[in-house]
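Student:
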Amino acid sequence: MEPKDKIDFKTQAKRKLFGHILLEQGLITEEQVQEALATQRQKGGLLGDILVSLKHVTNEQIILALSNYLDIEIVNIEENEIPGEIIELVPPAIAQLYRIIPISLKDDVLTIVQEDALNLEATDDLRLILKHNIKSVLCHKDVIARTLEKYYPKKHESIKQLLQEFKADEPYIEAKKGDYIDIDELKELADTAPVKKWVGLMFLDAVLENASDIHFEASEDKYRVRYRIDGVLYEKISPLMKTGILIVSRIKVISGMDISERRLPQDGRIQLNVGGATIDVRVSTLPTKYGESVVMRLLNKSAVSLDLNTLGFRNEELKLIYQLLSKPNGIILVTGPTGCGKTTTLYSVLNYLNDVETKIITTEDPVEYDISGLIQVQVNPSIGVDFANCLRTILRQDPDIILVGEIRDEETARIAIQASLTGHLVFSTLHTSDSPTALTRLIDMGIKPYLIAATLEAVISQRLVRKICSSCKEEYKPSDRFLKELNLTSGDIKGNKIFKGRGCSNCHNTGYRGRIGIYEILVINDEVRKLIIEQANTSAIRTVAKRSGMTTLRDSGLIALYNGLTTFEEVTRETISK
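My numbering numbers the first residue of the sequence shown as 32 and each following residue consecutively.
#1: Need the endpoints of the beta strand (DSSP E) that Lys267 sits in, please.
#2: Thinking C-alpha only, which one of Asp252, Ile268, Glu323 is nearest Lys283?
#3: Can you tell me which of the three DSSP states Ile282 falls into?
#4: Cutting at 8 Å between CB atoms, please list the residues of its own chain near Leu54, excluding the five before and the five after it.
#5: In this structure, how does DSSP classify Gln65 when only helix, strand and coil are distinguished?
#6: Hey, would you say Leu592 sits closer than 9 Å to Ile529, going by beta carbons?
#7: Restricting to Cα atoms, I'd like to know which of Glu180, Val238, Arg281 is closest to Trp229.
#8: Between the C-alpha atoms of Leu82 and Thr89, what's the straight-line distance to the nearest angstrom?
#9: Give the secondary structure of Ser459 by DSSP, where H, G and I count as helix, E and B as strand, and everything else as coil.
#10: Bridge partners of Ala153, per DSSP?
#11: List the DSSP bridge partners of Ile392.
#12: Evaluate contact between the stretch 379-394 and the stretch 471-489, counting only Cβ atoms and requiring at least three cross-stretch pairs below 8 Å.
#13: Could you check which residue in Ile491, Lys479, Ile117, Asp155 has the C-alpha nearest to that of Ser459?
#14: Which residue marks the beginning of the beta strand (DSSP E) containing Ile131, and which one marks its end?
#15: Tell me the residue span of the beta strand (DSSP E) that contains Gln493.
#16: Hey, how far is the Cα of Glu116 from the Cα of Asp139?
#17: Per the contact definition of three or more C-beta pairs closer than 8 Å, is the stretch 546-566 in contact with the stretch 512-524?
#18: Applying the 10 Å Cβ sphere with the 16-neighbour rule, what's the burial state of Glu605?
#19: From this set, Phe599, Gln407, Lys86, Arg294, which residue's C-alpha is nearest Lys508's C-alpha?
#20: What does the alpha-carbon distance come out to for the pair Val559 and Thr369?
#21: Classify His51: buried if its beta carbon has 16 or more other beta carbons within 10 angstroms, exposed otherwise.
#22: Is the CB-CB distance between Leu434 and Gln449 below 9 Å?
#23: Is the beta carbon of Ile94 less than 9 Å from the beta carbon of Leu149?
#24: Taking all protein chains shown into account, do 16 or more other C-beta atoms lie within 10 angstroms of the C-beta of Glu601, making it buried, or fewer, making it exposed?
#25: Using 8 Å for Cβ pairs, my map puts Gly6 next to Cys500. What's the rounded Cβ distance?
#26: Applying the criterion that 16 or more other CB atoms from any shown protein chain within 10 Å of the CB defines a buried residue, is Gly454 buried or exposed?
#27: Taking the alpha carbon of Glu248 as the point to measure from, which residue in Ala242, Phe418, Ile278, Lys162 has its own alpha carbon closest?
#28: Just to confirm before moving on: does the CB-CB distance between Thr375 and Leu422 stay below 9 Å?
#29: Give the list of continuous beta strand (DSSP E) stretches no shorter than 3 residues that lie fully inside the stretch 313-356.
#30: Among the residues of its own chain, which have a CB less than 8 Å from the CB of Asn594, if the five just before and after it don't count?
#31: Residues in the same chain with beta-carbon distance under 6 Å from His246, minus the five sequence neighbours each way, listed in chain order, please.
#32: Would you tell me roughly how many angstroms separate the C-alpha atoms of Tyr211 and Pro270, rounded to the nearest one?
#33: If we call anything under 9 Å between Cβ atoms a contact, is Thr366 one with Gln493?
#34: Among Ile563, Glu516, Ala126, which residue has its Cα nearest to the Cα of Thr468?
#35: Between which two residues does the alpha helix (DSSP H) holding Gly50 run?
#36: Leaving out five residues on either side along the sequence, give the residues of the same chain with a beta carbon under 7 Å from the beta carbon of Ile572.
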């Protein structure tokens, strides 16, 4: 067992910002830290890597500073071969996810090289998963990368096998029989090692699979686990009912819910640190006929780049957006169904506009990204803090730019318009099928057409389509059925190569891996403003907008298709009747 004071010392170190450690040792200046943080907000990434890329510090200086501060040794793991029996102590998926390499085992203490020595949450997870006490040592990042590739070739394997290994623990987990479970005992059982392991591995598996959501659904005799990957649900391992009850209880405990309340829906939040990545988890429970079902929305902050250049906008679209963002006031709306990337687009816009000379305030439900420099407000309708009331208060806070999470009613729309008329740039979202429909939606809410025409600058409608897996991408000839669904003929696609994914282990045999945005940008020019005032229908507005250069969602999807990024099926699924 590691000495108690050692663990406490490292805990204190974790609470200090990485940049402050380097500052204290005189390796960088405060100005350099702020420059690196600004780059991190814009492009994402680890602060240490950014400082190195900016040439403010070297990798050697970073590792020496951490060694001095944490009082742990630096090793060179390339000097000697690591015994196979030591390597086998850590499953490949765990090694790759946490960026660790085991190097020795003595007296139940497993010594590991860990890329992020400040990640105490990871150390705690590893102690639980690997069933050994953990001692961390340091090594250069490039050496760790080479050694991981040598001993643990990167595979996109599932942790399903590891989850199944815990079936041996189920009799212990299910020791409490009967329909009634005492709350105190439920808390005790939910805090046992087998349950913690199951929940931890489920999160690990979901992160490795790049899942956006975990669905944990109660049925008659078991719980069904499904992941949403690239917008599509896939079924995973299913624990038995009694096991599932305890897993739900564990999730409720760590997300701050009332474990004793099983009759009412609840919402909670978890922040995980998995393999150096910060994962925000929004948790929602729903009482059903057979028990509580849980949906967990995963937001991998480390994997999200709030950079407009990475969202899939074409060059001409980016140029248009930058022109719109230079306007001093007005309203810009982003529309589309739930899960189409509206929030990421808006945060990327705010990230671009964020500087010391600009005051940006947001009101959201919920706050999904924490961005330094922004004032972000979580709405709470239960105490009267809704979008409209919050927006009124924000206007008294002297903002330059305002983000309203969603315009849901006439009152919120009216205050947003008032804000733009008084010199503010306002961003918000609407749930409409395309850009022209947003105009009629505002009129249907009760907003006067002349006010819409006077304040609205643009509407961006968007969808996410799945990208063809690059590992199994192949050219093919599409059937007449797909051409007909998109109102195309063989002549329309002549000269364009059409691709699809054959299916392979890298994409779970789906033929797709990742998603990309397709967009429809309606700029409110004088001609469109005239149509708004005349209350023209969406068809007339769409015709004029296309004549003025608007690329529809359908055409944007076809461009992605012709560029070999997606398939006919995806374009049809996301743009049919749109």
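Ideal Cβ positions, reconstructed from N, Cα and C, are used throughout, including at glycine.
Tutor: Reading off the structure:
#1: Looking at the DSSP string, Lys267 is not in any beta strand (DSSP E), and its letter there is neither H nor E.
#2: Glu323
#3: DSSP places Ile282 in helix when its eight states are reduced to three.
#4: Thr60, Glu61, Val64
#5: Reduced to three states, the DSSP call for Gln65 is helix.
#6: yes
#7: Arg281
#8: Put simply, the backbone Cα of Leu82 is about 8 Å away from that of Thr89.
#9: strand
#10: Bridge partners of Ala153: none, in fact.
#11: DSSP lists Ile406, Ile433 as partners of Ile392.
#12: Remark: fewer than three beta-carbon pairs, one from each stretch, lie closer than 8 Å, so the stretch 379-394 and the stretch 471-489 are not flagged as touching.
#13: Ile491
#14: 131-137
#15: 487-499
#16: Using only the alpha carbons, I get a separation of about 14 Å.
#17: no
#18: buried
#19: When only C-alpha atoms are compared, the closest one is Phe599.
#20: 27 Å
#21: With fewer than 16 Cβ atoms within 10 Å of its Cβ, His51 is classed as exposed.
#22: no
#23: no
#24: buried
#25: For residue 6 there is no data in the structure shown, the boundaries of the chain being 32 and 609.
#26: exposed
#27: With distances taken between Cα atoms, Glu248 lies closest to Ile278.
#28: no
#29: 322-331
#30: none
#31: Arg257, Val326
#32: For Tyr211, the pLDDT reaches just 48, beneath the cut-off of 50, and the residue's location in the model is therefore unreliable, leaving the point undetermined.
#33: Less than 9 Å separates the beta-carbon of Thr366 from that of Gln493.
#34: Minimum Cα distance to Thr468 is reached at Ile563.
#35: 49-55
#36: Pro467, Leu470, Val559, Leu562
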